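With this note's numbering as the guide, the letters of the sequence shown map in order to residues 5 to 176. Encoded as C-alpha cells, the structure appears first; notes follow it.
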Amino acid sequence: MAVKKILTEPNKLLRQVSSPVEKVSDEERKLMDDMLDTMYAAPGIGLAAIQVGVPKRIIVMDISKDENKKEPMYFVNPIIKNKNSEKATYEEGCLSVPNQFAEIERPNKCEVEYLDYNGKKQSLKADGLLATCIQHEMDHLEGILFIDYLSKLKKSMILKKLSKNKSSRIVV
Ligand code: ZN
Numbered sequence: 005m006a007v008k009k010i011l012t013e014p015n016k017l018l019r020q021v022s023s024p025v026e027k028v029s030d031e032e033r034k035l036m037d038d039m040l041d042t043m044y045a046a047p048g049i050g051l052a053a054i055q056v057g058v059p060k061r062i063i064v065m066d067i068s069k070d071e072n073k074k075e076p077m078y079f080v081n082p083i084i085k086n087k088n089s090e091k092a093t094y095e096e097g098c099l100s101v102p103n104q105f106a107e108i109e110r111p112n113k114c115e116v117e118y119l120d121y122n123g124k125k126q127s128l129k130a131d132g133l134l135a136t137c138i139q140h141e142m143d144h145l146e147g148i149l150f151i152d153y154l155s156k157l158k159k160s161m162i163l164k165k166l167s168k169n170k171s172s173r174i175v176v
C-alpha cells in the first residue's frame with residue numbers, strides 16, 4: 005500500500021475521460037488499496053483513479069464519520085441507472101481543487117451499478133451525502149470538476165487562487 009501524489013487543477017490529465025476496466029485483477033486491487041491510503045492520508049471521503057494519474061473508471065470512497073471504524077467502498081465501471089428529479093445542495097470540495105469550496109446542486113438520490121473490489125456486479129441505491137459523493141466522483145471519470153458547475157466568474161476566481169498557491173513563494 006502506498007500514498008500517491010494527488011493531481012491538482014490545472015492539469016490536463018484531470019480533464020481526460022477514463023476508460024472502463026476490462027477485468028478487476030490484482031493490478032486494479034493494488035491501485036484501489038493505494039487510492040484508499042492516499043484518500044485517508046489527504047484526508048478526503050472520495051477519490052477517483054484519474055486523481056492519482058490513472059485513467060481507469062475506478063472510485064474509492066469512505067463516508068463513515070467514525071475514524072476508528074473505516075467503511076471503504078470500491079466502485080469499478082460505475083454507471084448511474086436512475087437519478088431523482090429532486091435536488092440536494094452540499095458544499096463541495098475536491099482533493100484536486102485544494103482549499104476551495106462551493107455549493108453544488110445535484111439529484112438527491114441515484115442508483116448505481118458497478119463492480120466491487122472482487123469484480124462482482126453490485127448495485128446500490130444512494131441518497132444524501134453518499135449520492136452526492138458518488139456523483140462528484142463519477143464526474144471525475146468524465147473529466148469534470150465541481151468548479152465546472154459554477155459561473156464563469158466564480159470559476160475563474162478559484163482558478164486564479166489555485167495558480168497563486170502553485171507559484172513557489174519564498175519568504176526569507
Ligand atoms: Zn473531486
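By construction, the Cβ of each residue, glycine as well, lies at the ideal position given by its N, Cα and C atoms. Bear in mind the structure is a predicted one, so any value in this text is a computation, not a measurement.
Taking non-hydrogen atoms of the ligand ZN into account, the C-beta of V116 is found less than 8 Å away from none of them. Contact between E141 and N112 is absent: CB atoms are separated by about 16 Å, not below the 8 Å threshold. With 16 or more other Cβ atoms from the protein chains shown falling within 10 Å of its own Cβ, V101 counts as buried. Spatial neighbours of E75 in its own chain (CB-CB distance under 7 Å, excluding positions within 5 residues in sequence) are listed in chain order as D66, S68.
A direct Cα-to-Cα measurement between L119 and I54 gives close to 18 Å. In the DSSP secondary-structure assignment, C114 is bridged to K87, A130. Buried is the label assigned to N81, since at least 16 other Cβ atoms lie within 10 Å of its Cβ. In the DSSP assignment, A52 falls within the beta strand (DSSP E) that extends over 50–52. Out of Y44, M161, I84, the CA that lies nearest to the CA of K73 is found in Y44.
Counting along the chain, the unbroken beta strand (DSSP E) around M65 starts and ends at 62–65.
Judged by pairs of C-beta atoms under 8 Å, the stretch 120–140 does not touch the stretch 157–172, as fewer than three such pairs exist.
The residues R19, Q20, V21, in chain order, have a CB closer than 6 Å to that of G147 in the same chain once the five nearest residues on each side in sequence are set aside.
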